[in-house]
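Report on the structure given below.
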Amino acid sequence: MAGPGTEGRKSVTRATPLLLALGLARFATLSLTLTLSLSQAAPAAQAWAQEQHPDQTQKTLEAQHQALTQEPNQAQPQYPAWSQGVTSSQAGKVADNRDGSTSAESGGANTIPCPPPRGTGDLGIIVERATGSLLLIETTGNSVLARIEGLGDLSHASAVFSRDGRHAYVFGRDGALTKVDLLAARVVNRVIQSGNAIGGAISQNGRLIAVANYEPGGVRVFDAATLEQVADIPALYAPDKPASKAVGLVDAPGQRFVFSLWDGGEIWVADLANPAQPQVSRFKDIGKQPYDDLITPDGRYYLAGLFGEDGLALLDLWHPELGVKRVLPGYGRGEQPLPVYKMPHLEGWAVAGRRVFVPAIGRHEVLVIDMDTWTEVGRIPVAGQPVFVMARPDGRQIWVNFALPDNDRVQVIDAECLAIVQELRPGKAVLHMEFEPRGEEVWLSIRDEDRVEVYDTQTFARVASLPASKPSGIFLTDRAHRTGF
Amino acid sequence: MSRMLNGLLGWIAGTVVVFALFSAASLAALTALAAVSPTALDPTPMNAASSAVAPDRAVILRHLLIQDCGSCHGLTLGGGLGPPLQSQSLSDKPVPYLAAIILHGRPGTAMPPWSAFLTAPEGEWLARELKGENP
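As you go down the protein sequences, you meet chains D and F in turn. Residue 415 in my numbering sits at position 415 of the first sequence, and the numbers go up by one each step. Take any residue in the second sequence, note its place counting from 1, add 1000, and you have its number in my numbering.
Take a look at the structure:
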């Protein structure tokens, strides 16, 4: 991870003035003002930094100016790499936790002078999956603040946020759980908790982080403050079978985590009110190959999408005694399914008003489910196999992206009349979409063109385009306050 | 050579079992098998020239392998929802077997057929790429 020793420490002090400069610049709008704001902020930053480190300031500002004024759409944009400045004492230890040992977050001597106060409500991260890095972004001016490096294999990485919006917990494919301080733009703790992970969740009270693993199959739970392991829940569903891959892990009210067993065809509800003794309720025979799940924003219904058969499995968490029931059985009407070149996702974003919008599997359709009766009320033909089907926070629009070969498009459905009202072609391989907290803008990651773009959701105009290296997931801090995110 | 043949015979036997288990998909899958069998059952060594791809196409195929196969098998091909595809995990799998899976998928699993995007020689090229056998 970070380079320890004096070299790393020097980088911290060099990088700090930029945070100040960017802090002052953050309310300015994007491209026009990046240079402008730097020139405005620079004197203050320079004066302050001269005082701290007289010999390094000029070099730093020149370097940053160069970085910020580069042409966009480069394959490898140069953002400041803060993690280079993280020393071992500041970063905490990297521990291999596969054998059950844990690592404690180290306090360390804080040699970094405090930047001016700022909130985190407009911050977020973008996963650069091939390079194991994150971009720290802000949505007030739609800009990139920093690049955070050293996060390992981030294919299929996702993140949750602490309730104060300061820390991101990033779940990497390689089993790493990484805690990132957004205000300092650096990794503060990291454990390798399994051999192969798929996602995670944060408990209602914000104290526990759960990670769903493929290898070894199951869920492990960690202390959010220290990343020490507090519980291990192997997904052993049959005596003669290896533990199942765990998928669709979400938080539910009452310090519960709910997840599904891809191989086992079960839903498990783990109650961690007492983390030392998790109470697990198993729901068997829920359907073949649950691939992902969502929990409704009120935390009541857990819905598992099935890959191996047509239908979804529904658990009412207010009435678990009623068991799991099948929703939309046989929606494929017995027709041969089309090939699925990328596994779809389900998220709480699928809920708009009293309707749930989910991808059909092997059909180029979005299915519309009424949440009062849990029956199908419509299906919308779309351009390809849907991957993400996401409702704008006000529930008026549904945005859909697609698997190969239609992954250059995004379609927008009007949630009231259930018709496509817009089609965008942002570029090759649109992997993810994230709405700003009130939904007036949406961020799209366009992997094969090495950029992220921001669109106005009312006019569909592109309002920003920022270089990023093979971007995938985009996660904004307002997720911290939503169940199921 | 005989080891390769044994592997192929094992594959055929395994395939029959898979088909029996997933009878709904078997008709389409058997059609697929019929389509690949001349290549898959031919015990003569692969003709390297027949599965060579142009350098610019190789770049696209490697990108597909890392980014799109990587969605399920991991960007490092160390495994995910799909099994690991690193060369050491594939040492006992013959190229025609892997190429057939790449091109025609595995019924009953999440592995789709990629023949809509790939020619048969490109499927074989990818199989050899996985095994580290491409020049």
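Note that CB positions come from ideal geometry on N, CA and C, so glycine has one too.
Going by DSSP, which residues form a beta bridge with residue i?
{"i": "D:Leu177", "result": "D:Phe171 and D:Val191"}
{"i": "D:Ala159", "result": "D:Val170"}
{"i": "D:Tyr455", "result": "D:Val442 and D:Arg462"}
{"i": "D:Glu138", "result": "D:Leu123 and D:Ser143"}
{"i": "D:Val269", "result": "D:Val258 and D:Ser281"}
{"i": "D:Asp251", "result": "D:Phe257"}
{"i": "D:Pro246", "result": "The amino acid occupying residue 246 of chain D in the given sequence is Ala; Pro does not appear at that position. The partner list for D:Ala246 (beta bridge, DSSP) reads D:Leu261."}
{"i": "D:Ile474", "result": "D:Ile126"}
Establish whether the CB of residue i and some CB of chain F are separated by less than 8 angstroms.
{"i": "D:Glu215", "result": "yes"}
{"i": "D:Arg129", "result": "yes"}
{"i": "D:Met433", "result": "no"}
{"i": "D:Arg300", "result": "no"}
{"i": "D:Tyr331", "result": "no"}
{"i": "D:Asp153", "result": "yes"}
{"i": "D:Leu404", "result": "yes"}
{"i": "D:Lys241", "result": "no"}
{"i": "D:Phe486", "result": "The structure shown does not extend to residue 486 of chain D, since chain D is modelled only from 1 to 485, so the question has no answer here."}
{"i": "D:Val340", "result": "yes"}
{"i": "D:His156", "result": "yes"}
{"i": "D:Gln66", "result": "Since pLDDT at D:Gln66 reaches only 45, below the 50 mark, its modelled position is unreliable, and the value read off the structure follows with that caveat. It does not: the Cβ of D:Gln66 has no partner Cβ on chain F nearer than 8 angstroms."}
{"i": "D:Asn401", "result": "no"}
Return helix, strand or coil for residue i, following the three-state DSSP convention.
{"i": "D:His364", "result": "coil"}
{"i": "D:Asp232", "result": "strand"}
{"i": "F:Val1067", "result": "In the sequence under discussion, the amino acid at residue 1067 of chain F is Gln, which differs from the Val named in the question. Three-state result, F:Gln1067: helix."}
{"i": "D:Leu261", "result": "strand"}
{"i": "D:Gln422", "result": "strand"}
{"i": "D:Glu321", "result": "helix"}
{"i": "D:Asp448", "result": "helix"}
{"i": "D:Thr226", "result": "coil"}
{"i": "D:Leu338", "result": "coil"}
{"i": "D:Gln70", "result": "Only weak support exists for where D:Gln70 lies, its pLDDT of 42 falling under 50; the value from the coordinates is given anyway. If DSSP states are grouped into helix, strand and coil, D:Gln70 belongs with coil."}
{"i": "F:Phe1022", "result": "Per-residue confidence for F:Phe1022 stands at a pLDDT of 41, beneath the threshold of 50, marking its modelled position as unreliable; no derived number is given."}
{"i": "F:Pro1055", "result": "helix"}
{"i": "F:Leu1061", "result": "helix"}
{"i": "F:Gln1088", "result": "helix"}
{"i": "D:Ala238", "result": "coil"}
{"i": "D:Arg220", "result": "strand"}
{"i": "D:Ala185", "result": "coil"}
{"i": "D:Ala468", "result": "coil"}
{"i": "D:Asp164", "result": "coil"}
{"i": "D:Asp414", "result": "strand"}
{"i": "D:Arg333", "result": "coil"}
{"i": "D:Ala352", "result": "strand"}
Starting from residue i, trace the alpha helix (DSSP H) in both directions and tell me its first and last residue.
{"i": "D:Ala304", "result": "Not the alpha helix (DSSP H): D:Ala304 falls in the beta strand (DSSP E), residues Tyr301 to Leu306."}
{"i": "D:Gly124", "result": "Looking at the DSSP string, D:Gly124 is not in any alpha helix (DSSP H); the run it does join, the beta strand (DSSP E), is Leu123 to Glu128."}
{"i": "F:Ile1137", "result": "As displayed, chain F neither begins before 1001 nor continues past 1135, which places residue 1137 of chain F out of reach and without an answer."}
Comparing the C-beta of residue i with each C-beta of chain D, is any distance below 8 angstroms?
{"i": "F:Thr1076", "result": "yes"}
{"i": "F:Ser1091", "result": "no"}
{"i": "F:Leu1126", "result": "no"}
{"i": "F:Leu1085", "result": "no"}
{"i": "F:Ala1058", "result": "no"}
{"i": "F:Pro1113", "result": "yes"}
{"i": "F:Leu1118", "result": "no"}
{"i": "F:Leu1081", "result": "yes"}
{"i": "F:Gly1070", "result": "yes"}
{"i": "F:Ala1100", "result": "no"}
{"i": "F:Gly1132", "result": "no"}
Taking residue i as part of the beta strand (DSSP E), name the residues at either end of that continuous run.
{"i": "F:Ser1128", "result": "Checking the displayed sequence, the identity of residue 1128 of chain F turns out to be Arg instead of Ser. Segment Ala1120 to Leu1130 is the alpha helix (DSSP H) holding F:Arg1128; no beta strand (DSSP E) there."}
{"i": "D:Gly397", "result": "Checking the displayed sequence, the identity of residue 397 of chain D turns out to be Gln instead of Gly. Segment Gln397 to Phe402, the beta strand (DSSP E) holding D:Gln397."}
{"i": "D:Ser281", "result": "Gln279 to Phe283"}
{"i": "D:Glu347", "result": "Here D:Glu347 belongs to no beta strand (DSSP E), and DSSP marks it neither H nor E."}
{"i": "D:Leu377", "result": "The sequence shown places Val at residue 377 of chain D, rather than the Leu named in the question. Taken as a continuous stretch (DSSP letters only), the beta strand (DSSP E) holding D:Val377 covers Thr375 to Pro381."}
{"i": "D:Asn196", "result": "Asn196 to Ile202"}
{"i": "F:Ala1110", "result": "Neither: F:Ala1110 is in no beta strand (DSSP E) and is coded neither H nor E."}
{"i": "D:Arg355", "result": "Arg355 to Pro359"}
{"i": "D:Tyr214", "result": "Leu208 to Glu215"}
{"i": "D:Glu434", "result": "Val430 to Phe435"}
{"i": "D:Leu328", "result": "Note, D:Leu328: premise wrong, no beta strand (DSSP E); not H, not E."}
{"i": "D:Leu488", "result": "Because chain D is modelled from 1 through 485, residue 488 of chain D falls outside the range shown and cannot be assessed."}
With 8 angstroms set as the bound, which would you pick, yes or no: does the beta-carbon of residue i sit closer than that to a beta-carbon of chain B?
{"i": "F:Gln1067", "result": "The structure shown contains no chain B; its protein chains are D and F."}
Quiz prompt | Residues, ordered as in the chain, of the region 255-282 of chain D that lie near chain F by beta-carbon distance below 8 angstroms | solution = Closer than 8 angstroms at the C-beta level to chain F, one finds these residues of the region 255-282 of chain D: Trp262.
Exercise. Check each residue of the region 285-315 of chain D: if its Cβ is closer than 9 angstroms to any Cβ of chain F, include it; give the result in chain order.
Key: Taking 9 angstroms as the upper bound on Cβ-Cβ separation, chain F lies near residues Gln289, Tyr291, Phe307 and Gly308 of the region 285-315 of chain D.
Quiz item: In the region 222-247 of chain D, which residues sit with their C-beta less than 9 angstroms from some C-beta in chain F, listed in chain order?
Solution: For the region 222-247 of chain D, the set of residues with a beta-carbon nearer than 9 angstroms to any beta-carbon of chain F comprises Lys245 and Val247, in chain order.
Exercise. Give the residues from the region 432-452 of chain D that approach chain F closer than 9 angstroms (Cβ to any Cβ), ordered along the chain.
Key: So the close ones are Arg447 and Asp448.
Quiz prompt | Against chain F: residues of the region 187-207 of chain D by CB proximity under 8 angstroms | solution = For the region 187-207 of chain D, which is checked against every Cβ of chain F, the residues closer than 8 angstroms are Asn196 and Ile198.
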